[in-house]
Amino acid sequence: MFKIKKAVVTGGSSGIGKELVNLLLQDGCEVFSLSRTVHPRESFNNQGTLHQIACDITDEKSLNNAFSQIGELTDSFDVLFSNAGFGISGPISDTPKEQVVRMFDVHVFAAMETVRRSIPFLARSKGRIILTSSIAAVVSLPYQSFYSAVKSSLNMLALALNTELKHDGIRAVAIMPGDTATAFTAMREKVTCESIHVSERYHRSIARMERDEQTGASAETVARKILRIVRKRAPKPLYGIGFFYRLVLVLFKILPVRLTNWATGLLYG
Ligand SMILES: NC(=O)c1ccc[n+]([C@@H]2O[C@H](COP(=O)([O-])OP(=O)(O)OC[C@H]3O[C@@H](n4cnc5c(N)ncnc54)[C@H](OP(=O)(O)O)[C@@H]3O)[C@@H](O)[C@H]2O)c1
Numbered sequence: 000m001f002k003i004k005k006a007v008v009t010g011g012s013s014g015i016g017k018e019l020v021n022l023l024l025q026d027g028c029e030v031f032s033l034s035r036t037v038h039p040r041e042s043f044n045n046q047g048t049l050h051q052i053a054c055d056i057t058d059e060k061s062l063n064n065a066f067s068q069i070g071e072l073t074d075s076f077d078v079l080f081s082n083a084g085f086g087i088s089g090p091i092s093d094t095p096k097e098q099v100v101r102m103f104d105v106h107v108f109a110a111m112e113t114v115r116r117s118i119p120f121l122a123r124s125k126g127r128i129i130l131t132s133s134i135a136a137v138v139s140l141p142y143q144s145f146y147s148a149v150k151s152s153l154n155m156l157a158l159a160l161n162t163e164l165k166h167d168g169i170r171a172v173a174i175m176p177g178d179t180a181t182a183f184t185a186m187r188e189k190v191t192c193e194s195i196h197v198s199e200r201y202h203r204s205i206a207r208m209e210r211d212e213q214t215g216a217s218a219e220t221v222a223r224k225i226l227r228i229v230r231k232r233a234p235k236p237l238y239g240i241g242f243f244y245r246l247v248l249v250l251f252k253i254l255p256v257r258l259t260n261w262a263t264g265l266l267y268g
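Here the sequence shown stands for residues 0 to 268, numbered as in numbering that gives the first Met the number 0.
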């Protein structure tokens with residue numbers, strides 16, 4: 000079993016990230032939690048050692064500052080959980096480029112920057128990079144296409160990191176949770192849509208996805224499953240979470256793409 004003593008979690012202030020932080024603390028780990036919001040220490044598990052670092056991961060200065068704070072306290076950690084994220088919804092025809100750029104900035108570019116800064120720490124521990132991807136990386140969601148695009152980028156990144164960092168003994172894993180009940184739903188940025196015939200379909204589709212999220216797994220359940228994967232002796236580069244979503248991944252691999260895309264359209268189109 001892979002042992003975690005020290006970890007960095009981005010997006011540790013809420014949802015899946017906060018549950019990861021709590022479970023790690025409960026195991027007596029030292030955790031560096033990076034997020035823009037910092038909470039009172041009492042709102043986390045009282046075991047372990049927690050360093051909350053206020054950091055906007057898209058801001059180079061803020062990220063440098065966070066990593067120099069980490070560097071003052073340790074020269075290695077075992078796992079980077081690159082988990083921070085947010086959602087936007089909107090038809091491709093109506094979503095402003097700035098919003099798409101911000102989505103890529105948080106989910107892909109900032110994740111890459113966080114990974115780059117973590118490599119020296121992880122090389123010393125032969126550690127792991129865990130990217131919180133999503134089932135949306137494989138199931139391309141209409142009206143959340145940019146979210147699907149960033150998450151599939153993370154899957155590709157995990158595969159390449161595994162090859163590039165093999166000689167440093169570092170493994171990378173992209174984990175794809177399905178619907179999870181967190182603040183993510185309420186925080187989603189919704190693009191307004193002018194054209195009435197698109198707008199109706201768009202709002203119906205997003206309402207359904209949001210219902211599924213809010214009745215989905217708890218953040219704690221997802222975090223526990225993520226930790227189970229991280230602790231495996233030899234984890235694969237990509238994982239789905241939960242029986243249903245793992246089945247979806249298998250079906251999307253073996254069925255013709257015309258069929259799987261049609262089925263996605265039936266549900267969310
Ligand atoms: N909920 C779902 O159904 C679901 C399903 C699959 C995958 N995911 C993925 O799981 C991850 C966690 O999401 P969640 O559901 O736990 O949502 P959440 O409760 O809204 O948490 C998002 C976290 O990301 C942090 N964050 C966002 N932008 C940031 C920035 N610029 N710099 C630093 N931190 C930032 C937030 O902290 P601050 O606001 O304090 O900065 C917060 O801690 C995301 O990558 C999401 O895409 C979620």
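All C-beta atoms in this analysis are idealised placements derived from N, C-alpha and C, irrespective of residue type, glycine included. None of these values were measured; they are calculated from a predicted model.
Those residues which DSSP pairs with residue i across a bridge
i      : result
LYS4   : Looking at the DSSP assignment, LYS4 forms no beta bridge with any residue, so it has no partner.
ALA171 : ILE128
LEU79  : VAL7, ILE128
LEU239 : It should be pointed out that residue 239 corresponds to Gly in this sequence rather than to Leu. Note: GLY239 sits in a beta bridge opposite MET175.
LYS189 : SER88
PHE31  : VAL7, HIS50
ALA275 : Nothing in the structure corresponds to residue 275, since the chain is present only between 0 and 268.
ALA216 : THR179
Separation of residue j from residue i, as counted between CA atoms
i      : j      : result
GLU163 : ALA222 : 27 Å
SER152 : THR184 : 22 Å
VAL114 : PHE242 : 29 Å
ASP93  : CYS192 : 6 Å
ARG200 : GLY268 : 7 Å
ILE195 : TYR142 : 15 Å
VAL197 : GLY177 : 26 Å
ASP77  : GLY126 : 5 Å
LEU24  : SER42  : 12 Å
ARG207 : PRO236 : 30 Å
ALA173 : PRO39  : 30 Å
ALA109 : PHE85  : 13 Å
ASN260 : CYS54  : 38 Å
VAL100 : LYS165 : 31 Å
MET111 : PRO119 : 14 Å
PHE145 : MET102 : 7 Å
PRO255 : PRO234 : 28 Å
ASP211 : GLN98  : 24 Å
GLY168 : ALA159 : 14 Å
C-beta contact flag for residue i and residue j at 8 Å
i      : j      : result
ILE128 : SER204 : no
SER34  : ALA83  : yes
LEU156 : LEU130 : yes
LYS189 : SER88  : yes
TRP67  : GLN51  : For the record, residue 67 in the displayed sequence is Ser; it is not Trp. Going by C-beta atoms, SER67 is not nearer than 8 Å to GLN51.
LEU79  : SER117 : yes
ASN270 : ASN44  : Residue 270 falls outside the range modelled here, since the chain spans only 0 to 268, and no answer is possible.
THR73  : LYS5   : yes
THR9   : GLU29  : no
ILE240 : MET175 : yes
MET0   : ARG232 : yes
GLY27  : GLN46  : yes
ALA182 : GLN213 : no
VAL149 : HIS106 : yes
ILE225 : LEU19  : yes
is_contact[residue i, chain D] using C-beta, thresh 8 Å
i      : result
LEU266 : Absent from the structure: chain D. Only one protein chain is present.
Sufficient close CB pairs (3 or more, under 8 Å) joining the segment 247-255 to the segment 131-140: Touching, yes.
Between the segment 205-222 and the segment 12-32, do three or more beta carbon pairs fall short of 8 Å? With the cut-off at 8 Å, the segment 205-222 and the segment 12-32 touch.
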